[in-house]
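Heads up: the structure comes next, in structure tokens.
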Amino acid sequence: MTVKLWNFFPREALYECYQCARCTGSCPALEVAEALGPRETILKCLNLGHDEVVEDERLWVCCTCNVCEDRCPQKIPISDLLVALRNSAARRGNIPDKLQIAIELLAKTGRSMIVHQLDEMRAHHGLAPLMPVPIDEVREVLKKTKLDDVIEF
Amino acid sequence: MKQALDDMDKKANSPADLRVGVYVCHCGKNIGSTVDCEAVAQFASTLPHVTLAKDSLYTCSEPGQEQIKTDIREQKLNRVVVASCTPRLHEPTFRAACESAGLNPYLLEMANIREHCSWVHLHEREAATSKAKDLVAMAVARAVRLEPQFELSVPVKRSSLVIGGGVAGIQAALDMADAGYQVYLVEKSGSIGGRMAQIDKTFPTMDCSICILAPKMSEVGRHPNIQMLTLSEIKEVTGHIGNFKVKILKKARYVTDGCTACGDCIQACPQLAPDEFNAGLSIRRAIYIPFAQAVPSRYLVDMGLCLNNQGIVACDRCFQACTRKCIDFADQDKIVEIEVGTIVVATGVDVYDPTALTELGYGRFPNVITTLEFERLINAGGPSSGELIRPSDRKRPKNIAFLQCIGSRSKRSNPYCSNVCCMNTIKDALLIKEHWPETEVFVFYIDIRAFGKGFEDLFQRARREGVTFIRGIPGEIIEDISNGNLTLLGENTLLGTQYRYTMEMVILSVGIKPRSDAPIVQRLLNLSTDTDGFYMEAHPKLRPVDTTTGGVFLAGAAEGPKDIKDSVTQASAAASRANILMSKGEVKIPAVTARINTDKCVACGLCAKVCPYHAIEGSKELGYYRVVEAMCQGCGACVPECKFGALDQAHFSDAQIVSQIHEALANEPERKIIAFACNWCSYAGADFAGVSRIQYPDNVRIIRTMCSARVAPEWIELAFSMGAGAVLVSGCHPSDCHYNNANQNTARRVEKFWKRLDKLGLNKDRLRLAWVSAAEGAQFAKVIKEMEQGLRELTPDQVLETKQKLAKRVPRKGEPV
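In structure tokens, the structure reads:
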């Protein structure tokens, strides 16, 4: 299904950007991985259109820490843009495999990673085992967010 | 009210004598492409008393004006209506045309079909044309009720006050003094010189700043026509163009004229403070001279710091050290009163404080400094005697980074470009390369704006000298606490790569902003400011140094960020504008004063109470009050106060405005918004919306008054009882009023009307009060949009109810029934 990206993000805000790159300079994700820098994201949305951006897998490296937004001299809600782009990408099926697995796990086990080894470690440190997750409740929440529109679980 | 209108009509020319000529201007395509001007002219010719109606491509052109003049002579026109741009632009033009054809200039009326119509309804040809017709009908109705007026001429004192002793103030003072006029130059600090005295070199010529400024400063000091008042502040300004009375607070200097600036006293003083002139990079004593070249070349005592600040002499070491005995602890603040004909405002700017941008570490990392601090650092008279050293270890840095646009072009600080920082950085970079060529210089920028004469050359020279320009401002600076070095993290946007540079010193190229005390001067002189806080010029293109307050002119960066050359140019322009007034020796004041009909006056004195200029005199004993015309500024605040119909305002009479309301509400009144807008702020704000092409609903009909305080509650009542959908009363922001806070009356009267609507059980939201400044075109449009939204929810029953309830009221005493 197609969703209008600009229903989720005010497109006019992009025109505020004058490419000073303070955002990219502040980005912790870029320090450690090949991410799509916020400046580049905005410029590509403006010049190439978001259709091209949502194809880019680097979009998913951002950890939405909001530092770029805090430091943006033009107060562009960059994190909102990233979230909107990812929504759009997900609805087109552009979700990285690892993330897809994590979501499926979340739906099945209530946790986004496999934790049975963790319990051994916890026992080793004298910690109580993890509490069981009310899976039905989690699935309910996930359904309410309409995540099942995008990924089957 | 209708009766009153007819009465007043009878008094004026008998209808048979009225011959109105209407000229509808296409303004090229500005009006013509949106409004069907021919149809408007055709419609105008059907209006009562209209003798002829024409449309022309450019009415303001020579042939356009000639046409009006010819028609006045040949067709015996005695009223002229021009439907074109805002009267704030071309009213003087068309008035002059009328006058030269023998018609009293006050018999001209303009319909603003450009700023208030074609430009704000760009894509609605039909609606705009129909609105233009309404506006023309309103103008014709007002025109036939216009009366000839004669302007009073007032003398202009041949003296001027210059506020601010920076380079702009100095230039303006010298230009006026050289022309032979007495000048008072008021400076807040201990010496004239301003920001330029702090700067090391100037761009693009690399002249030594103080070397070219100092001769001008001493010229001011010895000029027979200039009286310099340092350590002084303006406290009160009264009067008007040609005759301002100014009270100046001259603070105690505690050092007499005998001081020769020998400096013996400093060594004796035990009190220390950061030196403001050196941007806090060095220390000064409680007794000090601002800088070596200061004018007047006299020491002063910072009494806040001096040990004698409790009023008792606890320490007299400086007095003992002074061989000429020039220190006087008994010195006191004085009030100096002067009278001047003109005023030049040259209050200058502050620099942006980057402490708020925590990611850059200014204030935490010693080696992150601002450009102003750097100017002092490399100045021979500065804290390091011109040696390039960094604050943390006083060693010469091997590499230096400049960061551009700090505090400029940002919603987090100042949204505008500060104009001078790019070139200032390039100049500083070149200075470093010139004296210490082995130093690496990096400039991190967004855009280099090298727009002026010689600027691009300087930029290219810097690149050839080896200054590295990197596009992309660092997002973060990290300090290495072991050595004070700074790591800059960012992105080179042209290469699309991440960078990490380690620098030994970082210079933040900070922007400039209006002085923190600019609002004080603004209030004292009734100036307007733009959204950024800079003083607003009367017209951005054609009256760039005038203000909306007559006789007050702007010079230097107080009007907007500018470099030294532009400041000096503007100062000379301001001086020249002031010189014109002073050399003429007289000025005509618009004939829009209030007039009292002594036959109707019962001497209640209510009008005199609201007059912001004390221009109404009289008493109960005398049996009447009268307006002193030379003092009346024409706000009209007194007129609505009179409950006996004895007061009226020339050229903005009740009859004229009421006729406009009638015309505006002739068709579909429930769809209409009647907007009363004051000439200086709100009408200008609506003009600005037009200039900015901000689109808003077409059902507003703007009626101009000089001040919002002129708006009579009777007009609002009339509008509603005629079925108007909504009424807007708008004026300058409180304390920005051009008539000495006359608009507090506006607020009071509107609030009273709201209460009345409440009591009658009517929706008071249909009457709106909005403060809109001349810079707030968007705000005006927003208010109209909101009001239009409200109209959509309005039912015919509500309109009818308001009509009936307001019509039922009992007429007040003295009012025609």
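Going down the list, the sequences are from chains A and B.
FYI, our numbering numbers position 121 of the first sequence as 121, with every residue one higher than the one before it.
FYI, our numbering numbers position 679 of the second sequence as 832, with every residue one higher than the one before it.
Glycine included, C-beta positions come from ideal geometry on N, C-alpha and C.
The structure displayed is predicted, hence computed values, not measured ones.
Here B/Ala-533 is exposed. Its C-beta has fewer than 16 other C-beta atoms within 10 Å.
Assigned with DSSP and collapsed to three states, B/Val-594 falls in strand. With respect to the 9 Å criterion, B/Lys-564 and A/Gln-74 are classified as neighbours on the basis of their beta carbons. For the beta strand (DSSP E) assignment, the uninterrupted runs of no fewer than 3 residues enclosed by the segment 346-396 of chain B are, from N- to C-terminal side, 379-382 and 385-393.
Inside the segment 47-127 of chain A, DSSP marks whole alpha helix (DSSP H) runs of 4 or more residues at positions 50-53, 67-71, 78-91, 97-109 and 116-124, from first to last along the chain. In the three-state reduction of the DSSP assignment, B/Arg-730 falls in the helix class, which pools H, G and I. Burial is judged here by how many other beta carbons sit within 10 angstroms of a residue's own beta carbon; B/His-269 has at least 16 and is buried. As for any beta strand (DSSP E) of minimum length 3 sitting wholly inside the segment 698-770 of chain B, the runs are 705-707, 739-742 and 747-749, ordered along the chain.
Here B/Asp-685 carries a coil assignment [DSSP, helix/strand/coil].
Taking C-beta atoms as the reference points, B/Arg-624 and B/Tyr-598 count as a pair closer than 9 Å. Annotated three-state conformation of B/Asn-896 is helix, per DSSP. Taking a C-beta distance under 9 Å as the contact criterion, B/Ile-630 and B/Val-497 do not qualify as a contact pair. Contact of B/Lys-487 with chain A is not assigned, every C-beta pair being separated by 9 Å or more. Under DSSP, B/Ser-772 shares a beta bridge with B/Tyr-777. The three-state reading of DSSP puts B/Arg-232 in strand, counting E and B together.
Residue burial is scored here from C-beta neighbours: B/Glu-929 has at least 16 other C-beta atoms within 10 angstroms and is therefore classed as buried.
Contiguous beta strand (DSSP E) elements confined to the segment 166-239 of chain B occur at 173-178, 203-209 and 232-237, taking only those with 3 or more residues. Three or more Cβ pairs closer than 8 Å define a contact, and the segment 536-555 of chain B falls short of that threshold against the segment 476-496 of chain B. At the C-beta level, B/Tyr-452 and B/Cys-479 come within 9 Å of one another. Contact between the segment 171-180 of chain B and the segment 142-150 of chain A is absent: fewer than 3 CB-CB pairs across the two stretches fall below 8 Å.
Per DSSP, the beta bridge partners of B/Thr-858 are B/Cys-831.
Contact between B/Gly-789 and B/Ala-747 holds: CB atoms are separated by about 6 Å, below the 8 Å threshold.
Here the segment 389-398 of chain B makes no contact with the segment 330-348 of chain B; the two share fewer than three CB pairs at distances below 8 Å.
One Cα belongs to A/Cys-68, the other to B/Ala-828, and the distance between them is close to 44 Å. Counting only the Cα atoms, B/Ser-571 lies some 33 Å from B/Lys-404. In the three-state reduction of the DSSP assignment, B/Lys-958 falls in the helix class, which pools H, G and I. Scanning its chain for C-beta atoms nearer than 6 Å, with the 5 sequence neighbours on each side dropped, one finds around B/Leu-759 the residues Glu-794, in chain order. Approximately 16 Å separates the beta-carbon atoms of B/Trp-272 and B/Arg-854; this is outside 8 Å, ruling out the contact. For B/Pro-245, the three-state secondary structure derived from DSSP is helix. Along the segment 501-588 of chain B, the beta strand (DSSP E) occurs as fully enclosed runs of 3 or more residues at 502-504, 521-523 and 552-559, listed in sequence order.
Among the residues facing chain A, B/Lys-666 is not included, as its CB has no counterpart in that chain under 9 Å away. Counting only runs of 4+ residues, the alpha helix (DSSP H) found wholly inside the segment 287-345 of chain B occupies 320-331, in chain order. Per DSSP, B/Ala-414 lies in no beta strand (DSSP E) and is assigned neither H nor E. Per DSSP, the continuous alpha helix (DSSP H) segment holding A/Thr-24 begins and ends at 22-26.
For B/Ala-783 and B/Lys-310, the gap between their C-alpha atoms comes out near 15 Å.
Chain A has a Cβ within less than 9 Å of the Cβ of B/Ile-626.
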